[in-house]
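Per my numbering: the first sequence = residues 316 to 735. Below: one structure, written as structure tokens.
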Amino acid sequence: MLDIKFIRENKDIIKEGAKKKHIEVDIDKLLDIDEKRLEILSRVEFLRGEQNKMNNSIATEKDMAVRGQMIGEMKMVKEELVGKEEELRTVMTEWQSLMLTVPNIPDMSVPEGESDADNQEIKAWGEKTSFNFEPKDHIELMTNLKMVDFERGVKVHGFRGYFLTGDGVRLSMAIWNYAMDFFSEKGFTPFIPPIVVNRKTFFGTGYLPQGEDDLYKTQDGDFLAGTAEVPLMGFHADEILKIEELPKKYLGFSPCYRREAGSHSKDVKGLIRVHEFYKLEQVVLCTASHTESVAFHEEINRNTEEFIESLGIPYRTVVNCGGDLGMGQVKKYDVELWVPKEEKYREISSASYFHDFQTRRMNIRYKDENGKMNYAHSLNCTAIPTPRILVSMVENFQQADGTIKVPEVLQKYMGKDIIS
RNA sequence: GGAGGGUUGGCUGAGAGGUUGAAAGCACCGCUUUCGAAAAGCGGAAUCCGAGAAAUUGGAUCACAGGUUCAAAUCCUGUACCCUCCGCCA
Numbered sequence: 316m317l318d319i320k321f322i323r324e325n326k327d328i329i330k331e332g333a334k335k336k337h338i339e340v341d342i343d344k345l346l347d348i349d350e351k352r353l354e355i356l357s358r359v360e361f362l363r364g365e366q367n368k369m370n371n372s373i374a375t376e377k378d379m380a381v382r383g384q385m386i387g388e389m390k391m392v393k394e395e396l397v398g399k400e401e402e403l404r405t406v407m408t409e410w411q412s413l414m415l416t417v418p419n420i421p422d423m424s425v426p427e428g429e430s431d432a433d434n435q436e437i438k439a440w441g442e443k444t445s446f447n448f449e450p451k452d453h454i455e456l457m458t459n460l461k462m463v464d465f466e467r468g469v470k471v472h473g474f475r476g477y478f479l480t481g482d483g484v485r486l487s488m489a490i491w492n493y494a495m496d497f498f499s500e501k502g503f504t505p506f507i508p509p510i511v512v513n514r515k516t517f518f519g520t521g522y523l524p525q526g527e528d529d530l531y532k533t534q535d536g537d538f539l540a541g542t543a544e545v546p547l548m549g550f551h552a553d554e555i556l557k558i559e560e561l562p563k564k565y566l567g568f569s570p571c572y573r574r575e576a577g578s579h580s581k582d583v584k585g586l587i588r589v590h591e592f593y594k595l596e597q598v599v600l601c602t603a604s605h606t607e608s609v610a611f612h613e614e615i616n617r618n619t620e621e622f623i624e625s626l627g628i629p630y631r632t633v634v635n636c637g638g639d640l641g642m643g644q645v646k647k648y649d650v651e652l653w654v655p656k657e658e659k660y661r662e663i664s665s666a667s668y669f670h671d672f673q674t675r676r677m678n679i680r681y682k683d684e685n686g687k688m689n690y691a692h693s694l695n696c697t698a699i700p701t702p703r704i705l706v707s708m709v710e711n712f713q714q715a716d717g718t719i720k721v722p723e724v725l726q727k728y729m730g731k732d733i734i735s
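Right under this line is the structure:
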């Protein structure tokens with residue numbers, strides 16, 4: 316959510332921003348409604364003022380006849396007030412739903428483009444793995460080593476179902492434990508949040524009202540979150556933080572649920588796109604400064620890059636184009652890992668910053684040195700998703716005999732150096 | 001699932017239709033006093049939306065949403081959350 320004052324004063328910038336994001340929004344209509352809203356509001360406030368004044372006179376008036384007359388006058392005021400309040404309610408409903416459709420403005424440095432195909436590589440690390448044998452894909456490798464069972468996964472869950480088994484589980488847990496240590500050292504506090512989350516919190520993060528189709532819903536009207544970002548942002552909702560507590564650096568570990576509505580034809584096999592997975596997620600709340608947001612954005616993205624470098628997997632980082640940004644995002648980087656069999660880089664991480672778009676909806680504020688209230692800034696970035704990371708890991712570290720080398724940093728967590 | 005009780009400012013807590021944004025206490029911030037502090041005294045202080053260059057000023061906010069009434073923190077209904085008891089499950 317943006318500040319209505321800001322929208323009023325910068326409508327052209329917002330229109331351009333929406334265009335860059337390829338998001339449809341009717342700013343003129345919103346401003347029209349806003350004008351109407353203020354007009355009715357000022358009349359309602361005037362009438363309420365009259366009512367308050369008269370009310371106080373009635374309270375002190377002893378003469379019953381005068382009192383009766385005053386009450387009669389109050390009735391007249393009330394009649395108009397009832398009508399105006401009804402008008403205000405109608406306008407407010409429309410105003411609020413329009414406000415939720417206004418996207419945040421992308422940063423100047425975000426490239427133009429329509430979809431992820433237009434994202435721009437800004438960095439590539441490591442040599443693309445070459446083999447002196449015909450490499451296998453992760454499905455074949457992991458199935459052969461009994462790390463995963465897709466057939467039975469489909470039997471039990473359906474489309475995109477999978478079981479992780481044996482060393483598939485051990486490797487996942489090794490990654491989680493390593494990531495815990497790695498990110499704790501970077502000053503993150505770990506969280507295991509609730510992943511059944513109420514509607515309000517999804518509005519706060521900007522996943523609703525758009526995007527309901529991508530969420531699993533419970534019969535009580537709650538939703539299963541697709542990322543720990545949602546509950547972690549809700550953690551401080553409606554709170555006033557102390558400035559000395561900022562920044563907050565949280566590492567959420569949770570299962571993640573995504574319906575993948577509309578991507579039925581994409582990545583239909585394997586562990587790239589599944590309905591249910593685990594993820595460690597970095598979430599940061601900082602003071603309301605663009606400079607600080609940008610600095611943390613670089614920092615959390617770099618954390619993930621360093622993590623991948625320590626595993627030794629070739630990757631590249633892209634800056635996402637306007638069309639690939641969500642409602643609230645100002646700028647986003649994706650980290651993509653090399654997948655040898657596909658001869659492609661595949662996304663495993665997204666680092667985004669939002670300015671106060673989310674915290675305004677969530678009502679997360681702090682008082683600055685001058686006692687002034689501010690909305691905090693929020694950011695988030697994937698730390699590591701499992702099992703998606705396994706795809707690239709097993710394919711890059713496969714050997715001619717079908718066994719897989721365990722990356723050195725994981726060996727002590729895994730308890731072995733070869734999966735065979 | 002059933003039956004009760006509750007939700008008031010940073011905290012404790014009064015308030016039971018009419019000048020209540022809300023007593024009192026604690027905590028907080030100034031000032032007086034003091035070499036300094038404590039104590040004491042005096043004073044200040046919520047948040048949001050408007051108007052104003054500013055002093056100032058109008059409105060809203062007692063969980064949330066409706067309703068009754070000329071007037072609601074106060075009465076009624078619904079929702080959320082918390083507590084107690086019973087049942088069910090582990």
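Glycine included, each C-beta is placed from N, C-alpha and C at the ideal position. The structure displayed is predicted, hence computed values, not measured ones.
Straight-line Cα distance separating residue j from residue i
i	j	result
Gln525	Gly519	12 Å
Trp653	Phe538	33 Å
Ser445	Gly585	22 Å
Thr674	Leu556	12 Å
Leu346	Glu401	20 Å
Pro426	Lys335	9 Å
Gly428	Asp327	20 Å
Glu339	Glu527	17 Å
Thr737	Asp649	Here the chain has residues from 316 to 735 only, and residue 737 is not among them.
His472	Glu449	33 Å
Asp433	Ser424	14 Å
Thr408	Thr416	13 Å
Val709	His453	6 Å
Gly541	Ser578	15 Å
Ile329	Phe498	36 Å
Ser608	Leu523	24 Å
Met488	Lys647	28 Å
Val724	Glu331	46 Å
Pro702	Leu486	9 Å
Pro508	Met414	29 Å
Gly643	Ser357	31 Å
Ala715	Pro570	34 Å
Ile322	Asn492	45 Å
Ala374	Glu360	21 Å
Asn635	Gly641	10 Å
Supposed close pair residue i, residue j - CB separation, criterion 8 Å
i	j	result
Met316	Arg676	5 Å
Gln726	Ile719	With 8 Å as the limit, Gln726 and Ile719 do not qualify as a contact, their Cβ atoms being about 12 Å apart.
Ala610	His692	Not confirmed; about 11 Å, so no contact.
Met369	Met379	Not really, about 16 Å apart at Cβ, beyond 8 Å.
Phe669	Val645	6 Å
Tyr441	Pro722	The amino acid at residue 441 is misidentified as Tyr; the sequence shows Gly. At roughly 12 Å, the Cβ-Cβ gap does not stay under 8 Å, so Gly441 and Pro722 are not in contact.
Val633	Glu436	5 Å
Tyr572	Tyr531	5 Å
Pro418	Ala494	That belief does not hold up - the Cβ atoms of Pro418 and Ala494 are roughly 32 Å apart, past 8 Å.
Asp535	Ala576	Not really, about 21 Å apart at Cβ, beyond 8 Å.
Same chain, Cβ closer than 7 Å to residue i, neighbours up to 5 away in sequence not counted
i	result
Asp582	Arg588
Ile355	Lys399, Glu402, Leu403 and Val406
Ser430	Gly638 and Asp639
Lys351	Val406
Gly481	Lys461 and Met462
Asp683	Ile558 and Asn689
Own chain, CB closer than 8 Å to residue i, minus 5 neighbours either side, in chain order
i	result
Gln362	In the sequence under discussion, the amino acid at residue 362 is Leu, which differs from the Gln named in the question. Cβ within range, chain order: Val392, Glu395, Leu396 and Lys399.
For residue i, the residue or residues it bridges with in DSSP
i	result
Glu504	Per the sequence presented here, residue 504 reads as Thr, with Glu not at that position. DSSP, once it has assigned bridges, lists Tyr565 as partnering Thr504.
Arg676	Partner(s): none; Arg676 has no beta bridge.
His472	According to DSSP, His472 bridges with nothing at all.
Leu479	Val463
Ile733	Lys720
Ser664	Val650
His692	Cys601
Trp440	Tyr630
Phe592	Cys571
Same chain, Cβ closer than 6 Å to residue i, neighbours up to 5 away in sequence not counted
i	result
Phe478	Asp464, Arg467 and Gly468
Ala772	Because the chain spans 316 through 735 in this model, residue 772 falls outside it and cannot be assessed.
Gly476	Gly468 and Val469
Glu365	Val392
Trp410	Ile348 and Arg352
Leu626	Pro722
Phe568	Ile507 and Leu595
With contact counted as at least three CB pairs below 8 Å, one residue from each stretch, are the stretch 596 to 610 and the stretch 549 to 569 in contact? Result yes; three or more Cβ-Cβ pairs closer than 8 Å.
Contact between the stretch 644 to 658 and the stretch 459 to 466 is defined here as three or more beta-carbon pairs at a separation below 8 Å; is this criterion met? Touching, no.
So, does the stretch 664 to 671 touch the stretch 690 to 697, judging by three or more C-beta pairs under 8 Å? Touching, yes, given that three or more Cβ pairs across the two stretches are closer than 8 Å.
Contact between the stretch 539 to 551 and the stretch 501 to 518 is defined here as three or more beta-carbon pairs at a separation below 8 Å; is this criterion met? With the cut-off at 8 Å, the stretch 539 to 551 and the stretch 501 to 518 touch.
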